[in-house]
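Heads up: the structure comes next, in structure tokens.
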Amino acid sequence: MALVDSVIVFLVSFLIGALGIYVGGRIVTQTKSFGKAALTALIGALAWSLTGLLFGWIPLLGPLLALIVYLAVVNWQYPSGWASAAAIALIAWVTSAIILYLLTLFNILAVNAFGVPGV
674 MALVDSVIVF
684 LVSFLIGALG
694 IYVGGRIVTQ
704 TKSFGKAALT
714 ALIGALAWSL
724 TGLLFGWIPL
734 LGPLLALIVY
744 LAVVNWQYPS
754 GWASAAAIAL
764 IAWVTSAIIL
774 YLLTLFNILA
784 VNAFGVPGV
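For the sequence shown, my numbering assigns the number 674 to the initial residue and increments by one for each residue that follows.
Shown next, in the form of structure tokens:
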């Protein structure tokens, strides 16, 4: 049962993260591809985690480098420049935080947003 629960939490977290990136991409670049947002969430989470694993022990520089790598993934998937990538990431973070707040408020689920750092 624990495996099933873990898979469900992962899928819900992943969908929330992908939805946040989709909303950010839709607002900033008018891109209408949820598949691209899902791929960005998956690659972004892996890149963030790997960078954090390798460099997270360095105060300030480690987390900053992880953020830059995450923004590079967003910029690679939505090539409109670094400012647009930062705007997409910020909108994704806010969107994911709102969704998670609502899910927790209505006692539906308490999870994180996979693919959106810090949520």
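For glycine and all other residues, C-beta sits at the position ideal for the given N, C-alpha and C.
All values derive from a computational prediction rather than experimental measurement.
C-alpha gap between residue 722 and residue 691, whole angstroms: Taking the first residue of the sequence shown as position 1, residue 722 is located at position 49. Taking the first residue of the sequence shown as position 1, residue 691 is located at position 18. C-alpha separation (whole angstroms): 16 Å.
Reduced DSSP category for residue 708 - H, G, I as helix; E, B as strand; rest coil: Numbered from its first residue, the sequence shown carries residue 708 at position 35. Note: residue 708 maps to helix in three-state DSSP.
Residue 777, buried or exposed, once every other Cβ within 10 Å from all chains shown has been counted against 16: Here residue 777 is taken as the residue at index 104 of the sequence shown, counted from 1. Exposed.
Segment limits, alpha helix (DSSP H) that includes residue 730: Here residue 730 refers to the residue found at position 57 of the sequence shown. Careful: residue 730 lies outside any alpha helix (DSSP H) and carries neither H nor E.
Chain-order list of residues whose beta-carbon lies under 8 Å from that of residue 701 (same chain, five-residue window excluded): Translated into positions along the sequence shown, residue 701 becomes position 28. If the five residues before and after residue 701 are omitted, its C-beta is found closer than 8 Å to the C-beta atoms of 751, 753, 757, 760, 761 and 764, all from its own chain and listed in chain order.
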